[in-house]
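Read the structure below first, then the notes.
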Ligand code: NAD
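In my numbering, the protein residues as written are 617 to 879.
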């Protein structure tokens, strides 16, 4: 794939959920554009750390639901590199199931990860972004943040609220020259989230085919969207090329959220 040519030298970025899927692809894309990158994740997987190490990306264990750990990740990156310019709130979990089967624990796990941690990640980053005269926050929302789905009301709620939070913060912090945008991908192959989902189907190949069918461009290309294709949009939003872009929710879904596709 041809990639967007962006120069982020001298900039520092933090990516949450950065050792897998979209977060890993984003951390790599930012580092390849010369940003100094710090990632936090629940665990540091060996296959990811090799890749991160090779690009000089620093990785730390960080559970974004633990606000002390989240603050340490953000402050640590700013203190080590002397600045913070970009925050990618990417960590997220799926939550399928109807209201009858959802426990309070499920609700908290999903909303704490997908929404509360994003709010507090932004709160912790703001002083650092203001100190450098502005910056860019990118939240990984979802297709479900544009159109709710019947099979996952809790996940859909978390992502719809995340799109709302993105727009609200964009409005509040425009005067600080802090841009806040989100990407709404899906479905994205080569991610643990989708792989886990596929493993739960009795016919994973058929389930993958249905994901592809639901998105007109994925269908025409006969493949799922890839993590690096989401990362390229995040890279653009992080860069000065998007200096007047704020409060947007960019769908990276091959047209899935547009309506009923042609049969
Ligand atoms: P993934 O499972 O490969 O990556 C998610 C990462 O977040 C993992 O590394 C995981 O360890 C981390 N994470 C989860 N909970 C965390 C926590 N409490 N603290 C820190 N890290 C945590 O899946 P992905 O698809 O790359 O997911 C990234 C984001 O993309 C998520 O916000 C997800 O909701 C969103 N998304 C994914 C798809 C898709 O089809 N894969 C579609 C739309 C949106």
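The beta carbon of each residue, even a glycine, is placed where N, CA and C say it ideally should be.
Excluding five sequence positions before and after residue 855, the CB atoms of its chain that fall closer than 7 Å to its own CB belong to 622 and 624, given in chain order. With a 10 Å radius around the Cβ and a threshold of 16 neighbouring Cβ atoms, residue 744 comes out buried. Inter-segment contact for the segment 707–721 and the segment 784–795 is absent: fewer than three beta-carbon pairs are separated by less than 8 Å. Excluding residues up to 5 positions away in sequence, 774 lie with their Cβ nearer than 6 Å to the Cβ of residue 727 in the same chain. Counting C-beta pairs with one atom in each stretch, the segment 652–660 and the segment 670–689 have three or more that are closer than 8 Å, which means they touch. For residue 752, the enclosing beta strand (DSSP E) starts and ends at 751–756. The Cβ-Cβ distance between residue 694 and residue 632 does not fall below 9 Å. Residue ranges of uninterrupted beta strand (DSSP E) with 3 or more members, entirely inside the segment 768–826 and ordered along the chain, are 794–801. Residue state for residue 674 is assigned as strand, using DSSP reduced to three classes. A distance below 6 Å between beta-carbons, with the five flanking residues on each side excluded, links residue 641 to the following residues of its chain, in chain order: 843, 844 and 847. For residue 692, the enclosing alpha helix (DSSP H) stretches over residues 683–697.
Taking 9 Å as the cut-off, the Cβ atoms of residue 704 and residue 629 count as close. Rounded to the nearest angstrom, the Cβ distance from residue 638 to residue 710 is 13 Å, too far for a contact under 8 Å. Its chain contains 828, 840, 841 and 870 as the residues whose beta carbon lies nearer than 7 Å to that of residue 834, once the 5 sequence neighbours on both sides are disregarded; these appear in chain order. In this structure residue 753 touches residue 796 by the C-beta definition: roughly 5 Å separates them, less than 8 Å. Taking non-hydrogen atoms of the ligand NAD into account, the C-beta of residue 680 is found less than 8 Å away from one of them. DSSP places residue 748 in the coil class of the three-state scheme, outside both helix and strand.
Under the three-state reduction of DSSP output, residue 728 falls in the helix class. Counting the other Cβ atoms within 10 Å of the Cβ of residue 815 gives fewer than 16, which makes it exposed.
Proximity to residue 644 across 851, 785 and 794 peaks at 851, based on C-alpha coordinates. Close CB contacts of residue 861 within its chain, under the 7 Å cut and outside five residues either way in sequence, are with 795, 797 and 853 (chain order). In this chain, the beta strand (DSSP E) harbouring residue 865 covers 865–868. Taken through DSSP and simplified to helix, strand or coil, residue 833 comes out as helix. Taking the C-beta atoms as reference points, residue 801 is found no nearer than 9 Å to residue 715. For residue 651, the secondary structure class from DSSP, reduced to helix, strand or coil, is coil.
Residues 730, 731, 734, 755, 757, 761 and 798 of the same chain have their beta carbon placed closer than 7 Å to that of residue 778, with the five preceding and five following residues left out of the count.
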